[in-house]
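Enquirer:
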Amino acid sequence: MRKHQFYILLLLTLCLSCQKKHGESSSLAFNKLTVNSKENPLTIESEVPVFSWIVNAEGFNKSQSAYHILVASSEENLNEADADIWNSSKVESDKSTFVKYQGEALEAMKTYFWKVKIWDESANSSKWSDTQKFQMGLMEKENWDASKWITLNKDTRTSEHRYRDYQTGNMKKAKPVEGFAASYFRNELEVDKALQNAQVYICGLGYYELYLNGSKVGDHVLDPAPSNYDKQAYYVNYDITEQLQSGKNAFGIILGNGFYGQNISWSRDPESNKKGVSYGPPTVRCLVKLNYIDGTSADFYTDGNWKEATGPIVFNNIYGGDTYDARYELGNWNTVGYDDAQWGKAKVASPEVKKISASQIPPIKKLKEFEPQKVFKAPDGNWIVDFGQNIAGWVKLNVQEKEGQLIEITTTEALLTNGKDIFPGSTGGGANGMAQIYKYICKGDGLESWEPKFSYHGFRYAKINGISRKPDADMIKAVLVATDIQETGSFTSSDELLNKMHSISKWTIVDNVHGIPEDCPHREKCGWLGDAHAFCEYALYNYDMYDFYKKYMEDIRTQMRPTKGHNNPDIKFQVPTMIAPGKRTSTYAKIDWGVATMYLPWYNYKFYGDDAIVKEYYEEMRNLTNFYLNFKGENGIMQDGMGDWCPPRWDRRKNPSAMECDPIISANAYFYDVLGIMETFAEMNNDVAFAVKMKNEQRELKDAFNKEFLVEIPNTEHKWYQSQTATVQALQFGLAPENDIESIVNGLAHDIVEVKGGHHSTGIHGNRYIYTVLSKYGKADLAYQILTTPDFPSQTYVMNSGFTTWPERQFVWEDMEGPTNSLNHPMHSGFAAYFYESLGGIKSSEDQPGFKVFTVNPEFPTAITNTEVKVPTPYGDITNNWSIKDEVLSMNLEVPFNTKARVLVTPSELESLEINGVPISEFEQNNTVEIAEGVIILGSGEYIIAYSKS
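The structure is reproduced here in C-alpha cells:
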C-alpha cells in the first residue's frame with residue numbers, strides 16, 4: 001500500500017512540475033534573435049542598437065501584444081531584479097523588429113547580455129529567450145590608443161618581374177609600371193600571464209592579411225571593403241584568445257594596394273602622375289587588447305618598432321593582378337624566432353582618414369571552387385581551361401617546374417566566336433590599361449602551390465603559358481571570391497527557362513558584390529549608381545542585404561561634391577558623382593543614376609521596415625531632390641538624364657539612335673516616383689512643409705509629363721509615351737491617367753507585337769519593370785513571350801548564346817569576332833524581381849513595410865503551372881507555393897507570426913474560394929478573417945487557399 005501511495009505522490013509531483021506557469025504559452029518559441037540584424041554580433045558601434053526577434057507560433061492569427069527586454073553587464077545580472085543596463089519592463093506593443101535600446105550608455109569594447117519575453121494576442125507570455133550577447137567596438141578614434149599607422153619605408157624589390165605593361169586605348173605603346181610594393185610587417189608579443197580574452201582590431205588602407213604564429217587570422221580575403229578612405233575607413237575585429245599562446249607570439253601583416261594604393265589604372269600617365277587615382281601608399285593600423293584573468297590588461301599595437309620587408313608578391317594591382325616570384329619567399333617570417341635582422345623598420349604614416357568604423361557588412365571570402373570542364377590547345381600551343389561558369393575571383397595553382405620558370409595565366413570571359421582562342425575584348429585593358437594576368441615564377445623545389453591575395457578578376461576561361469604538361473584539376477582551379485551575402489530567398493517554377501534565368505541573375509549579382517555593388521568584376525569594378533538601384537529589389541528578395549546597402553549609402557554620402565545649381569548657379573548643392581566610392585569619378589550623377597540615393601533607402605525600408613536608414617540620410621536626400629528640381633524647364637520637365645542604358649543594338653558611338661527612349665523622359669519618370677518617396681520620407685521626419693512641396697511637385701510633374709510625352713499611336717486607338725521604356729515606367733509609377741490606362745497598355749502591347757515582332761526594346765530602366773507591368777495589366781502571356789522567344793533580343797537568346805551571366809550589351813553575338821563589353825553586368829538582373837513580385841505574387845506594403853503586412857497576388861502566364869517562392873522577412877520566411885490544375889489555383893501560403901497577408905481576389909474567385917479545405921464562409925465562422933472589397937486579410941499560420949481562375 002505504501003508503495004502504491006508513493007507512486008501516486010510521485011506522479012502528482014511530476015504532473016505539477018510539468019504544468020505551465022499561469023498565462024505562459026508553450027506554442028511561442030523564439031526562432032532567431034538579433035542585435036542590429038546580427039546574431040550575437042562581435043563588434044557593433046551603435047549607441048542605440050536595435051533588437052529583433054523571430055517567433056514560431058502554433059495556430060492562426062498569432063501576434064505579439066507586448067515585450068520585455070533585459071540587458072545586463074553579465075549573465076549573472078540578467079534577471080528582472082538585477083539587470084543593470086536596461087530593464088524595459090513590460091511594453092504594450094506589437095513591435096518585434098528594430099526595437100530601440102533605451103538603457104544606460106554603452107561602453108566601448110564591452111560585452112553585454114540580453115534576453116526577451118513576449119506576450120501574444122491573448123496575453124499569454126512566452127518563456128524568456130535564451131541568453132544572447134553583443135560586443136561593442138572601439139566607438140571612437142581615441143580608443144585606438146597608442147597604435148600607429150605603418151607603411152613600407154623602403155621598396156627593396158629586385159625581381160625583373162615586378163613590372164607590368166600599362167596601355168590604354170589612347171596610348172600608342174605600352175609603358176612598364178610597377179605600382180606600390182606589397183609590404184610585409186612583423187613583431188613579437190610576450191604573453192606572460194593567463195589570458196581571459198584577447199581581441200585584435202585592424203584597419204587596412206589597402207588590402208591586408210593578418211597572421212598569428214604562422215597561421216592566418218580569420219577566413220576573410222580582400223579586407224577591408226572599398227570606401228572613400230579619406231572620409232570613411234573600416235576595421236575588422238577578431239577574437240584571438242584561442243590563437244595566442246603562453247610565451248612569445250609572432251604577428252605578421254601582408255599589405256597590398258587594393259583600391260587605396262591603386263596608382264596605375266585610370267591614370268593618364270602613371271609615370272608622371274605617381275599617385276594616379278590612389279590615396280597614397282597602402283598603410284595599416286593594428287591594435288591588440290589583452291585582458292588577463294587577474295584583472296589587468298595590456299595593449300600591443302603597430303608602431304615604428306615593427307619590422308618591414310618586401311617579399312615574393314612583387315606586383316599587385318586590383319585590375320592587372322598579382323605577380324608572385326617564389327624565389328623571393330621569406331621563409332617562416334610570421335613565426336616566433338624568425339631572424340629579421342635584415343629587415344628594416346616600418347615607417348609611421350599619417351594618412352588622411354576622417355573616420356574609422358567597424359565593418360558591419362559580411363566579409364569577402366573564398367566561396368566556391370571550380371574544376372576545369374574542358375581543356376584544349378590554342379593556335380599558339382598554349383592551353384585554355386574552361387571552368388564552365390563566369391565568376392569573379394582568381395585561379396589557384398599546383399605546379400612543378402624549374403627554378404625561374406614564368407607561368408602566366410590570362411583570364412577572360414569569352415572565346416572567339418569560332419571557339420579556338422580566348423577573346424579578351426570584354427576584359428582587356430583598353431579601359432583601365434591593364435590586362436587580367438596572374439604571374440607565378442617558380443622556385444623549382446618540387447610541387448608549388450599558390451593563389452593570389454590582392455586582386456580578383458571576372459572570368460570563365462584561363463589561358464596558361466609556361467607549363468610543361470596539360471593542365472587538369474590537380475593543377476588549376478578557379479575560386480569564386482565575393483562578399484559572403486547570405487542567400488535567404490528562393491524561387492523555382494514549372495518552367496526550366498525561367499529557373500535558369502533566375503540562376504543566371506543570381507550569379508551576375510554574386511559576382512559583383514565586393515564590398516560595393518559593382519558594375520562588373522573586371523574592366524571597371526565601379527559602383528555606378530544607376531546599376532545599383534536597377535538590381536536592388538531583386539537582390540533584396542534573394543539575399544540578406546540589410547547592412548550592405550547601409551554601407552553603400554555611406555559611400556554615396558562621402559562621394560558627394562559641391563555642385564552648382566542648373567537654373568540657379570549661385571546655389572551649391574552636395575551631389576554624388578555617377579560612381580561611388582573612389583577617386584575614379586565622372587560627372588555629377590544625372591537624375592536617373594542619382595535617384596539611387598533615394599531608392600536604396602526606400603527599398604531597404606520597404607523590405608526591412610527599419611526607418612534608421614531613412615532618418616540617417618534624409619538631409620542628403622532632401623538636398624539632392626532640390627538639386628534635381630533646379631533642372632525644371634518652362635514646360636515643367638527636368639532637363640536632365642543619362643538614358644535607358646544598353647537597349648538592343650545600342651552603342652553610344654556607333655549606334656546611339658538604338659536608345660529609343662529619350663533620356664529626359666525616362667529620368668523624369670523616375671523622378672516622379674522619387675517625389676512620392678520623398679513625400680513619405682518627409683512625413684517620417686516630421687518635415688511637413690517639404691512633404692507638401694513634394695506632393696505639389698509630383699502632381700505638377702504628372703500633368704507636365706502627360707502633356708509633353710503621352711501621344712496617340714498613328715492608325716490605332718492606342719496611346720503610349722513614345723517608347724516601350726517610358727510607357728512601362730509610366731504604368732509602373734502611376735503616371736498614366738486613369739482613363740487612359742487601357743489604351744496605354746494596348747499601345748505598349750502593340751509596339752511589342754506589331755512593331756517589334758514580339759520583342760522588347762528596353763534597356764535597364766524599362767527592362768526592370770516590363771514583365772511585371774505586363775503581368776499586372778492582364779498581359780502575362782505577352783511578358784512570357786518576350787522573355788522566352790529564342791530570337792534576338794531576349795533573355796532566352798542570351799542564354800542560348802552560352803552566357804552564364806548577363807552581358808552589359810544586347811548584341812547579335814554570332815555576328816561578332818567575340819563578345820565585346822562586359823559579359824557580367826548585374827544591372828540586367830533587375831528584371832528578375834518579376835519572379836517574386838509577379839509569379840510568386842509577394843510584395844511588401846508601403847504603409848506597413850518590412851512585410852509586416854504584405855500582398856499575395858500571383859500574376860502568371862498560362863504556360864506556368866506551378867511556382868514556389870520563399871521571401872525572407874524580419875518576421876520570418878513567407879512561403880507561397882502555388883499550382884494550377886483544371887483552372888483551379890491552389891496556394892500553400894505561410895504567413896509568419898506577427899504579420900498579415902492581404903490576399904487579392906476577384907469577386908468570381910471569392911465565390912469559389914476555400915481555405916484549408918472548407919469554403920471561405922465556413923472558415924471565417926471559426927477564424928478571424930477580414931474580407932474587404934477584393935481583399936482577404938489573413939493573420940499568421942499555414943493556409944491552403946484554392947479558387948477557380950476560370
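Just so you know, the UniProt record's numbering puts 7 at position 7 of the sequence shown, and the rest follows in order with no gaps.
For each residue, glycine too, the CB sits at the ideal point set by N, CA and C.
In this text, all values refer to a predicted model and were calculated from it rather than measured experimentally.
#1: According to DSSP, is N332 part of a helix, a strand, or is it coil?
#2: Note down, in chain order, each residue of its chain lying with its Cβ closer than 7 Å to the Cβ of A832, except the 5 sequence neighbours on either side.
#3: Given V711, which residues of its chain have a CB within under 8 Å of its CB, disregarding the five upstream and five downstream residues?
#4: Of the residues H161, K525, I591, which one's Cα is nearest the Cα of I407?
#5: On the premise that I361 lies in contact with K551, defined as a C-beta separation below 8 Å, what is that separation, rounded to the nearest angstrom?
#6: On the CB-based measure, 16 or more other CB atoms within 10 Å of its CB, does E518 come out buried or exposed?
#7: Could you have a look at N916 and say whether DSSP puts it in helix, strand or coil?
#8: State the Cα-Cα distance for the pair S357 and W333, rounded to the nearest angstrom.
#9: Nearest CA to the CA of Q785: which residue from W144, T762, G766, G758?
#10: Can you list, in chain order, the residues of its chain with a C-beta nearer than 6 Å to that of Y319? Leave out the 5 residues immediately preceding and following it.
#11: In chain order, which beta strand (DSSP E) runs of at least 3 residues are fully inside the region 137-200?
#12: Spell out the partners DSSP gives M659 in its beta bridges.
#13: Please report the straight-line C-alpha distance between K443 and V399, rounded to a whole angstrom.
#14: Would you mind working out which of M109, T168, F113 sits nearest M136, comparing C-alpha positions?
#15: State buried or exposed for T906, treating a residue as buried only when at least 16 other CB atoms are found within 10 Å of its CB.
#16: Counting contacts by CB-CB distance shorter than 7 Å, is N334 in contact with chain C?
#17: If you run the structure through DSSP and keep just helix, strand and coil, what is G676?
#18: Look up P562 in the DSSP assignment and give the residues it is bridged to.
#19: If L600 sits next to Y549, beta carbons under 8 Å apart, how far is it from one beta carbon to the other, in whole angstroms?
#20: Indicate the three-state DSSP secondary structure (helix, strand or coil) for F860 in the structure shown.
#21: Whose C-alpha, out of C286, L904, G103, is nearest the C-alpha of I936?
#22: Work out the CA separation of S829 and S126 for me, nearest whole Å.
#23: Counting only the same chain and skipping the five closest in sequence on each side, list residues whose C-beta sits under 8 Å from that of G917.
#24: On the criterion of 16 or more Cβ atoms from any shown chain inside 10 Å, does K900 qualify as buried, or is it exposed?
#25: Going by C-alpha distance, which of E496, G256, L195, E178 is nearest L210?
#26: Can you tell which of A349, A326, Y440, D322 has the C-alpha that lies nearest to the C-alpha of G393?
#27: Nearest by alpha-carbon distance to D445: which of E451, N542, K402 is it?
#28: Does the region 240-253 come close enough to the region 363-371 that 3 or more CB-CB pairs lie under 8 Å?
#29: Which of the three DSSP states, helix, strand or coil, is assigned to E448?
#30: When the Cα atoms are used, what is the spatial distance from V395 to D474?
#31: On the DSSP letters alone, give me the boundaries of the beta strand (DSSP E) that T410 sits inside.
#32: M891 bridges to which residues according to DSSP?
#33: Work out the CA separation of D294 and I677 for me, nearest whole Å.
#34: In three-state terms, what does DSSP make of Y319?
#35: Could you check which residue in W119, Y101, E817 has the C-alpha nearest to that of F134?
#36: Buried or exposed for T725, please, with buried defined as at least 16 other CB atoms from any protein chain shown within 10 angstroms of its CB.
Expert: Well, looking at it:
#1: coil
#2: M501, H502, S505, Y538
#3: K719, W720, Y721, Q722
#4: H161
#5: 5 Å
#6: Burial call: buried.
#7: Coil at N916, not helix or strand.
#8: 30 Å
#9: G758
#10: S265, N432, M434, listed in sequence order.
#11: 149-151, 164-166, 175-177, 183-191
#12: Note: M659 sits in no beta bridge, so no partner.
#13: Distance between K443 and V399, taken at the CA atoms: about 11 Å.
#14: M109
#15: Its Cβ having fewer than 16 others within 10 Å, T906 is exposed.
#16: Checking the listed chains, one finds no chain C in this structure; it contains a single protein chain.
#17: helix
#18: According to DSSP, residue pairing for P562 in a beta bridge involves Q574.
#19: 5 Å
#20: coil
#21: Here the closest residue by C-alpha is L904.
#22: 42 Å
#23: I944
#24: buried
#25: G256
#26: D322
#27: K402
#28: With a cut-off of 8 Å on Cβ pairs, the region 363-371 is not in contact with the region 240-253, counting fewer than three such pairs.
#29: Three-state DSSP puts E448 in a strand.
#30: 12 Å
#31: 406-412
#32: W882, I945
#33: In a straight line, the C-alpha of I677 is about 56 Å away from that of D294.
#34: coil
#35: Y101
#36: buried
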